[in-house]
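Below is one structure, written out as structure tokens; the observations come after it.
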Amino acid sequence: MMKSLPKLVVGLGNPGDQYAFTLHNIGFLTVDYFLQYQQGFSGFKEKHKALIAQITIDEQPVWFMKPQTYMNLSGDAVSEIVRYHRWSDTEVLIIHDEIDFEWGRIQLKKGGGSAGHRGLESIFQCWQSDFYRLRVGIGKPESRDAKKYVLANVSKSLIEDLAQSAVNALKIIFLNGFENAKSKINPWPKEPTHA
Numbered sequence: 016m017m018k019s020l021p022k023l024v025v026g027l028g029n030p031g032d033q034y035a036f037t038l039h040n041i042g043f044l045t046v047d048y049f050l051q052y053q054q055g056f057s058g059f060k061e062k063h064k065a066l067i068a069q070i071t072i073d074e075q076p077v078w079f080m081k082p083q084t085y086m087n088l089s090g091d092a093v094s095e096i097v098r099y100h101r102w103s104d105t106e107v108l109i110i111h112d113e114i115d116f117e118w119g120r121i122q123l124k125k126g127g128g129s130a131g132h133r134g135l136e137s138i139f140q141c142w143q144s145d146f147y148r149l150r151v152g153i154g155k156p157e158s159r160d161a162k163k164y165v166l167a168n169v170s171k172s173l174i175e176d177l178a179q180s181a182v183n184a185l186k187i188i189f190l191n192g193f194e195n196a197k198s199k200i201n202p203w204p205k206e207p208t209h210a
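Taking my numbering, the leading residue of the sequence shown gets 16, the next gets one more, and so forth.
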């Protein structure tokens, strides 16, 4: 049986330098860091209300997308490209911040609700589908409200480390396929690795 791989990887976030290193932009950063070392990556093009890049993985074309509609309207861009290419929900992976998970926890999941995430709500509204999601834990704010927390800038090194963890999970997905990757990505807490 062939492993099931994404044909479209969507990193959620907000366009603009002021949002570049916010927790809400972990999807954008994960896509950027994954692509920067991929053979055949020659930059993004503007199409389908998004920045789009296409590379080849395992001799298959894979599209990477960063919607430029702002988070709350991400569904406009995602539904447009999905309908254009006629992809099914088993071929799409959405990478997003997850406030209900502690910092650094990553989970691959198919379907589920939005838990108040506006980007996911928009995608559900525009494309009623049970797509795969890579949920990247950013922790809950202790005192301030969630909106301020996800849009606040955090240290570049902290968010880069978090994005790198998500990149590693993405590599596992492409090596193993969606279903086999779950058992490698989802266990939490992670066991310490010994040299």
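C-beta: ideal position from N, C-alpha, C; glycine also.
Taking 8 Å as the threshold (C-beta atoms), are residue j and residue i in contact?
i    : j   : result
I153 : L27 : no
P212 : V25 : The chain is shown only over 16 to 210; residue 212 falls outside these bounds and no answer can be derived.
T212 : G55 : It is not possible to answer for residue 212, since the shown part of the chain is limited to 16 through 210.
Determine the burial state of residue i: buried for a count of at least 16 other Cβ atoms within 10 Å of its Cβ, exposed for fewer.
i    : result
G42  : buried
D47  : buried
W203 : exposed
A210 : Residue placement at A210 is poorly supported in this model, since its pLDDT is 46, which falls under 50; the coordinates still yield a value, given next. When all chains shown are included, A210 counts as exposed.
D91  : buried
Y147 : buried
K205 : exposed
The beta strand (DSSP E) spanning residue i covers which residue range?
i    : result
Y147 : Y147 to G152
L123 : I121 to K125
Quick check on this structure: which residue in the options has the alpha carbon closest to the alpha carbon of residue i?
i    : options                  : result
S89  : K64, Q69 and P76         : K64
Q53  : K163, P202, V77 and G127 : V77
E74  : A130, P21 and L123       : P21
Q51  : S170, H100, G119 and A68 : A68
F193 : E113, L123 and Y85       : L123
G58  : I72, F79 and T45         : F79
D160 : I188, T84, A184 and I114 : I114
G31  : F49, L108 and L66        : L66
I200 : L173, K162 and L149      : L149
I188 : Q143, E106 and R133      : E106
How far does the alpha helix (DSSP H) with residue i in it reach, from first residue to last?
i    : result
G42  : I41 to L50
G134 : R133 to C141
G26  : Where G26 is concerned, there is no enclosing alpha helix (DSSP H), although the beta strand (DSSP E) it sits in stretches over L23 to G26.
I174 : K171 to N191
I114 : First-last for I114: undefined, no H or E at that position.
Contact between the stretch 111–130 and the stretch 95–102: three or more CB pairs below 8 Å? Two segments are said to touch when three or more pairs of C-beta atoms, one from each, lie closer than 8 Å; by this definition the stretch 111–130 does not touch the stretch 95–102.
How about the stretch 164–171 and the stretch 29–38: do they share at least three Cβ pairs that are nearer than 8 Å? Enough Cβ pairs lie closer than 8 Å, so yes.
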